[in-house]
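A.B. asks: I have a structure I would like to understand better, so I am pasting it below and will then ask my questions one at a time.
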Amino acid sequence: GAVVSQHPSRVICKSGTSVKIECRSLDFQATTMFWYRQFPKQSLMLMATSNEGSKATYEQGVEKDKFLINHASLTLSTLTVTSAHPEDSSFYICSARLRVNNSPLHFGNGTRLTVT
Amino acid sequence: KNEVEQSPQNLTAQEGEFITINCSYSVGISALHWLQQHPGGGIVSLFMLSSGKKKHGRLIATINIQEKHSSLHITASHPRDSAVYICAVRLRSTSGTYKYIFGTGTRLKVLA
């Protein structure tokens with residue numbers, strides 16, 4: 001089945017640094033990738049929708065200059081958390097859709113970010 | 117009120133029990149997904165439904181579009197079924213792209 005690889009699975013960084021998270025579709029072309037944030041014991045919160053070759057669409061309240069999303073190819077999207085702050089510590093997860101109608105969602109395994 | 121509501125929020129069952137998790141939504145949808153999130157965080161898509169019923173192994177998912185309700189059933193539950201089960205609805209946004217709304221999840225624990 002379709003596989004989405006997300007890397008790294010865990011990262012610890014210092015305040016003020018930037019962290020890049022990669023989301024790759026391994027065996028299919030993903031027209032659209034979604035980036036979510038999840039707080040403990042809460043549901044997934046959509047941050048942005050990333051379409052290959054175009055600018056990401058950010059949800060209300062998500063700072064696009066802080067959470068930079070790049071979808072340079074049909075198999076790779078990246079989320080960069082810039083000038084990380086302890087309040088950015090969270091679980092980030094991506095998902096991807098195939099380029100077919102009624103494609104199910106395929107999720108990465110998530111990245112746990114801790115900002116110290 | 118959330119647009120996607122799940123019940124129960126938490127559920128503890130004994131191994132072998134039949135389990136039902138419910139999802140109600142208040143928006144028009146084009147599909148509904150049932151997802152399983154394991155303690156490590158990874159999410160697996162179990163079903164995508166737009167009508168009727170689907171079965172995969174011990175899992176059964178049903179949806180009633182008129183009543184805006186879906187259920188996920190687990191037969192002969194096993195401790196390895198312990199996870200968070202999330203209902204997600206897909207609706208079409210005004211821009212024509214797909215948009216998803218997630219329920220808050222049902223935390224299931226199956227005891228041996």
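Chains as they are written, first to last, in our numbering: chain A, 1 to 116; chain B, 117 to 228.
We treat Cβ as the ideally placed atom computed from N, Cα and C, and that holds for glycine.
It should be emphasised that the depicted structure is a prediction, and the values quoted were computed from it without experimental measurement.
#1: Would B:Val120 and B:Cys139 be called neighbours here (beta carbons separated by less than 8 Å)?
#2: Given a cut-off of 8 Å, decide if B:Ser187 and B:Ile137 are closer than it, judged by their beta-carbon atoms.
#3: Quick one: what's B:Asn118 bridged to in DSSP?
#4: Say whether chain A places a C-beta atom closer than 8 Å to the C-beta of B:His172.
#5: If distances are taken between C-alpha atoms only, which option among A:Ser25, A:Met33, A:Gln38, A:Ser54 comes closest to A:Ser89?
#6: Three-state secondary structure (DSSP) at B:Arg196?
#7: Applying the criterion that 16 or more other CB atoms from any shown protein chain within 10 Å of the CB defines a buried residue, is A:Ser95 buried or exposed?
#8: Please report whether the beta-carbon of A:Ser50 lies at a distance below 8 Å from any beta-carbon of chain B.
#9: For B:Phe134, count neighbouring C-beta atoms within 10 Å of its own C-beta (all shown protein chains included) and say buried if the count is 16 or more, exposed if not.
#10: Can you tell me whether B:Gly173 is buried or exposed, with buried defined as 16 or more other CB within 10 angstroms of its CB?
#11: Report yes if the C-beta distance between A:Leu74 and A:Tyr92 is below 8 Å; otherwise report no.
#12: Using the beta-carbon count (16 or more within 10 Å), is A:His106 buried or exposed?
#13: Should A:Phe67 and A:Met47 be called a contact, given that it needs their Cβ atoms to be closer than 8 Å?
#14: Between which two residues does the beta strand (DSSP E) carrying A:Glu22 extend?
#15: May I have the straight-line CA-CA distance separating A:Thr57 from A:Lys64, to the nearest angstrom?
#16: Taking buried to mean at least 16 other C-beta atoms within 10 Å of its own C-beta, is B:Arg206 buried or exposed?
#17: What in chain B is Cβ-close to A:Gly110, meaning under 7 Å?
#18: Look at the Cβ atom of A:Ile69, then the Cβ atom of A:Ser83, and state whether they are nearer than 8 Å.
#19: Below 9 Å between beta carbons is the criterion; list the residues of the region 16–48 of chain A that meet it against any residue of chain B, in chain order.
#20: Thinking A:Gly110 and B:Gly157 are a contact (beta carbons under 8 Å), I'd like their distance in whole angstroms, please.
C.D. replies: Let's see:
#1: yes
#2: yes
#3: DSSP, once it has assigned bridges, lists no residue as partnering B:Asn118.
#4: no
#5: A:Gln38
#6: helix
#7: buried
#8: no
#9: exposed
#10: exposed
#11: no
#12: buried
#13: yes
#14: 19–25
#15: 9 Å
#16: buried
#17: Gly157, Gly158
#18: no
#19: Thr32, Phe34, Tyr36, Gln38, Lys41, Gln42, Ser43, Leu44, Met45, Leu46
#20: 4 Å
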